[in-house]
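S.K.: Structure in structure tokens, see below.
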Amino acid sequence: MTTARVRGIYATALTRLLNDDGVEVVQASEPIRERFEDSFVAAPADVSLETTRDRQGVELSGDPDAVASVAPRLAELAIDTFRWDDSVPRGAVFDAEVREADGGGGAVLDLGDGRRGYLAYDDADDYVDAGDRYRVQVREPTPPWDDDHPRVAPALEAEGGLCTLSQARSGVSASLSGERAEELVGMTDLLSVDVPEGWGVRWHRPAADADLEAMGTALEDAVGRAHELEAALSDAPETPGEPGRLAVPERTVWLWFGRESRLALDDHRRTVESTMPGHHRTKAADRAASAAVDFAEAVCGVDGFDGEFPFDAVSRQFGPLEGDRLEIGHGKPDGRLISLGYGDVTDRDPEGTITLERSMRGGGTYDALGVPKESGDVAVTKFREGRWWYPTTYRSEEGTAKGTYVNVCTPLELFPDCVRYVDLYVDVIRTPDGAVEIVDREELEDAIDDGLVAAPLGEKALGVAEAVERALSN
0 MTTARVRGIY
10 ATALTRLLND
20 DGVEVVQASE
30 PIRERFEDSF
40 VAAPADVSLE
50 TTRDRQGVEL
60 SGDPDAVASV
70 APRLAELAID
80 TFRWDDSVPR
90 GAVFDAEVRE
100 ADGGGGAVLD
110 LGDGRRGYLA
120 YDDADDYVDA
130 GDRYRVQVRE
140 PTPPWDDDHP
150 RVAPALEAEG
160 GLCTLSQARS
170 GVSASLSGER
180 AEELVGMTDL
190 LSVDVPEGWG
200 VRWHRPAADA
210 DLEAMGTALE
220 DAVGRAHELE
230 AALSDAPETP
240 GEPGRLAVPE
250 RTVWLWFGRE
260 SRLALDDHRR
270 TVESTMPGHH
280 RTKAADRAAS
290 AAVDFAEAVC
300 GVDGFDGEFP
310 FDAVSRQFGP
320 LEGDRLEIGH
330 GKPDGRLISL
340 GYGDVTDRDP
350 EGTITLERSM
360 RGGGTYDALG
370 VPKESGDVAV
380 TKFREGRWWY
390 PTTYRSEEGT
400 AKGTYVNVCT
410 PLELFPDCVR
420 YVDLYVDVIR
430 TPDGAVEIVD
440 REELEDAIDD
450 GLVAAPLGEK
460 ALGVAEAVER
470 ALSN
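Mapped onto numbering that gives the first Met the number 0, the consecutive letters of the sequence shown carry residue numbers 0 to 473.
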């Protein structure tokens, strides 16, 4: 049976989902143990599921076969769940060359084939300068929608679920303190596992709840992975060479959850615990919202919620509000996140619609409209929470209409500082003379053929575009 460790704001829902699919959740947190009223063993995990720092999705990293078995089911969660494989996965080893080492706390490294990594100066033994070469391992991968580079470090490590072997350490230690740490270190001597020369053992906090058998299995796993790394690098020269990937002991897959995905996760969580409408949507919007959501659910109990996501209440508490400045986060089906700029919220209604105004710079023409873009132009965009499209009307400084562009996308989420969605290529335009047309249909069809957009999602996008076209033509 595949084992999984789950952490973050989606943990309860994902634990329910994984359990239903026959995946054993291990190393469960205290809240999870209480909610499920179940005994979760402190055993090594084949795959780890961790909520991303921006709370928009989940990282799946671990044994390649285990990730391959878990990821497809989660990718089918809802119509706006997106999945991408990482070419710079957790634990991968690269030969790298320093590209930029100017100030700050670290250097940007070339990992080969256009990939980049970030080496913190504290992780390097010597002074770091442009052109220096290192053999590094990925410590923290980054999702495709994040501008940060994955963090890398020179010392090799091998994960065992409850412990880590590292060439930067010696002996045995534990990430706890006091008597429990001393017990873990002492119990290591009872395990009949030989640690390779040049590697130190570091026990993680969950090991404190594990028995000797689980500890032995974890250490065996870590030792096995250390040997695999050594074997994979046995033919590599001692001195790092041209940038490139040398070993890939783990696989990393990223899942991005859209609004429909978060609502589906609410449904799974609701089978376990009192869950307000929009639980995950609210928690994803702002870290400060987590405590407020937990409090409301604790007070209201199992039968205290019904209806739709309370946009007005959440927006009043956390934003966006009239007068706020909001970014347009234009996601792409290949995982990239493009900022379309910032605008001022000039109007907001309790039902979930905001109006955003942006001042435009001159130069070029507006996409598909073919109308000159001039300084002084104003773009007025209306976003409605949960809608599959949004219109932008362009006007000149004198107020003359220059056309309307309707973007078709996954259901909109109006977060306190950013509107988030994934663009679905196809759009609808209305030119100044009143002509209405669907554009970029071929791009959507190509994206479906290339596997970037699932066929059901593509069909939905085309249906939305056709409905908008009819509405604008009347």
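Think of the CB as a built atom: it goes at the ideal place given N, C-alpha and C, for glycine as much as any other residue.
(1) With a cut-off of 8 Å, do at least 3 Cβ pairs link the region 104-123 to the region 59-77?
(2) Does the Cβ of leucine 254 have 16 or more other Cβ atoms within 10 Å, making it buried, or fewer, making it exposed?
(3) Can you check the region 3-79 for any alpha helix (DSSP H) of at least 4 residues that lies completely inside it and give the ranges in chain order?
(4) Between proline 248 and proline 371, what straight-line distance do the alpha-carbon atoms span, to the nearest angstrom?
(5) If you count every other CB in all the chains shown that lies within 10 Å of the CB of isoleucine 447, and 16 or more means buried, which is it?
(6) Would you mind listing the beta strand (DSSP E) stretches within the region 83-157 that are 3+ residues and don't spill past its ends, in chain order?
(7) Opposite glutamate 381 in the DSSP bridges: which residues?
(8) Cutting at 8 Å between CB atoms, please list the residues of its own chain near valine 57, excluding the five before and the five after it.
(9) From Asp311, Phe310, Ala295, Ala312, pick the residue whose C-alpha is nearest to that of phenylalanine 304; which is it?
(10) Whose C-alpha, out of Gly185, Gly159, Leu118, Cys408, is nearest the C-alpha of aspartate 147?
(11) Looking at C-beta atoms only, is the number of pairs between the region 153-173 and the region 201-215 that lie closer than 8 Å three or more?
(12) So is aspartate 62 buried or exposed if we call it buried at 16+ other beta carbons inside 10 Å?
(13) Between the C-alpha atoms of glutamate 272 and arginine 34, what's the straight-line distance to the nearest angstrom?
(14) Give the list of continuous alpha helix (DSSP H) stretches no shorter than 4 residues that lie fully inside the region 260-297.
(15) So, does the region 444-463 touch the region 348-355, judging by three or more C-beta pairs under 8 Å?
(16) Report yes or no: do three or more beta-carbon pairs, one from the region 406-418 and one from the region 282-293, lie closer than 8 Å?
(17) Roughly how many angstroms lie between the CA atoms of threonine 251 and asparagine 473, to the nearest whole one?
(18) Which residues mark the beginning and the end of the alpha helix (DSSP H) in which phenylalanine 317 is found?
(19) Thinking C-beta only, is glutamate 321 closer than 8 Å to tyrosine 341?
(20) So which of Leu155, Met186, Pro410, Pro143 has the shortest CA-CA distance to arginine 134?
(21) So glycine 402 and tyrosine 393 are supposed to be a Cβ contact under 8 Å. How far apart are they, rounded?
(22) Where does alanine 464 sit, in a helix, a strand or coil, going by DSSP?
(23) How far does the alpha helix (DSSP H) with aspartate 432 in it extend, from its first residue to its last?
(24) By DSSP's criteria, tyrosine 424 is part of a beta bridge. Which residues make up the other side?
(25) Quick one: give me the first and last residue of the alpha helix (DSSP H) that leucine 228 is part of.
(26) Assign tyrosine 452 to one of three DSSP states: helix, strand, or coil.
(27) Measuring alpha carbon to alpha carbon, tell me which residue in Ala42, Phe39, Pro71 is nearest aspartate 20.
(28) Would you call the region 182-202 and the region 165-174 in contact, with 3 or more CB pairs under 8 Å?
(29) Is the CB-CB distance between leucine 368 and tyrosine 404 below 8 Å?
(30) Can you look up alanine 167 in the DSSP assignment and give me helix, strand or coil?
(31) Within its chain, find whatever has a CB closer than 7 Å to the CB of alanine 65; leave out the 5 residues flanking it on each side and keep chain order.
(32) Leaving out five residues on either side along the sequence, give the residues of the same chain with a beta carbon under 8 Å from the beta carbon of glutamate 468.
(33) I need the straight-line Cα distance from asparagine 406 to serine 338, nearest angstrom please.
(34) Considering only the beta carbon of each residue, do arginine 268 and threonine 274 sit closer than 8 Å?
(35) Whose CA, out of Leu16, Ala3, Arg4, lies closest to the CA of aspartate 266?
(36) Looking at proline 143: is its Cβ nearer than 8 Å to the Cβ of arginine 258?
M.R.: With the structure as the only source:
(1) No, they do not touch.
(2) Label assigned to leucine 254: buried.
(3) Counting whole runs of 4 or more residues, the region 3-79 contains the alpha helix (DSSP H) stretches 10-19, 29-35, 63-74.
(4) A direct Cα-Cα distance of roughly 52 Å separates proline 248 from proline 371.
(5) For isoleucine 447, the number of other beta carbons within 10 angstroms of its own is at least 16, and it is reported as buried.
(6) Runs of the beta strand (DSSP E) inside the region 83-157: 92-99, 105-111, 114-119, 132-139, 150-152.
(7) Here the sequence assigns lysine to residue 381, which means glutamate is not the residue at that position. In the DSSP assignment, lysine 381 is bridged to Thr354.
(8) Here the set comprises Gly7, Tyr9, Leu13, Leu48, Glu49, Thr50, Thr51, Leu73, Trp253, Leu254, Phe256.
(9) It is Ala295 whose Cα lies nearest to the Cα of phenylalanine 304.
(10) For aspartate 147, the closest of Gly185, Gly159, Leu118, Cys408 by C-alpha to C-alpha distance is Leu118.
(11) By the C-beta criterion, the region 153-173 is judged to be in contact with the region 201-215, since at least 3 inter-stretch pairs fall below 8 Å.
(12) Counting the other Cβ atoms within 10 Å of the Cβ of aspartate 62 gives 16 or more, which makes it buried.
(13) One C-alpha to the other measures close to 7 Å.
(14) If only uninterrupted alpha helix (DSSP H) runs of at least 4 residues are considered, those enclosed by the region 260-297 are 278-284.
(15) Contact fails: fewer than three Cβ-Cβ distances are below 8 Å.
(16) Output reads yes: the region 282-293 touches the region 406-418.
(17) Cα to Cα, threonine 251 sits roughly 48 Å from asparagine 473.
(18) Element bounds for phenylalanine 317: 310-317.
(19) Taking a C-beta distance under 8 Å as the contact criterion, tyrosine 341 and glutamate 321 do not qualify as a contact pair.
(20) If you compare the alpha carbons of Leu155, Met186, Pro410, Pro143 with that of arginine 134, the shortest gap goes to Leu155.
(21) The beta-carbon separation of glycine 402 and tyrosine 393, rounded to 6 Å, stays under the 8 Å limit for a contact.
(22) Under the three-state reduction of DSSP output, alanine 464 falls in the helix class.
(23) Where aspartate 432 is concerned, there is no enclosing alpha helix (DSSP H), given that its DSSP letter is neither H nor E.
(24) When beta bridges are read from the DSSP output, tyrosine 424 appears opposite no residue.
(25) Here the alpha helix (DSSP H) through leucine 228 covers 211-231.
(26) This sequence places valine at residue 452; tyrosine is not what is there. Here valine 452 carries a coil assignment [DSSP, helix/strand/coil].
(27) Comparing Cα-Cα distances from aspartate 20 to each of Ala42, Phe39, Pro71, the minimum goes to Pro71.
(28) The count of Cβ pairs closer than 8 Å, one atom from the region 182-202 and one from the region 165-174, reaches three, so the stretches are in contact.
(29) It is a contact, given that the beta carbons lie within the stated cut-off.
(30) Coil, per DSSP.
(31) For alanine 65, where only same-chain residues beyond five positions count, the Cβ hits under 7 Å are Thr1, Asp45, Val46.
(32) So the qualifying residues of the chain are Val427, Val435, Glu436, Ile437.
(33) Each residue's alpha carbon lies about 15 Å from the other.
(34) In this structure, threonine 274 lies closer than 8 Å to arginine 268 by Cβ.
(35) Proximity to aspartate 266 across Leu16, Ala3, Arg4 peaks at Leu16, based on C-alpha coordinates.
(36) Not in contact: proline 143 and arginine 258 (Cβ atoms no closer than 8 Å).
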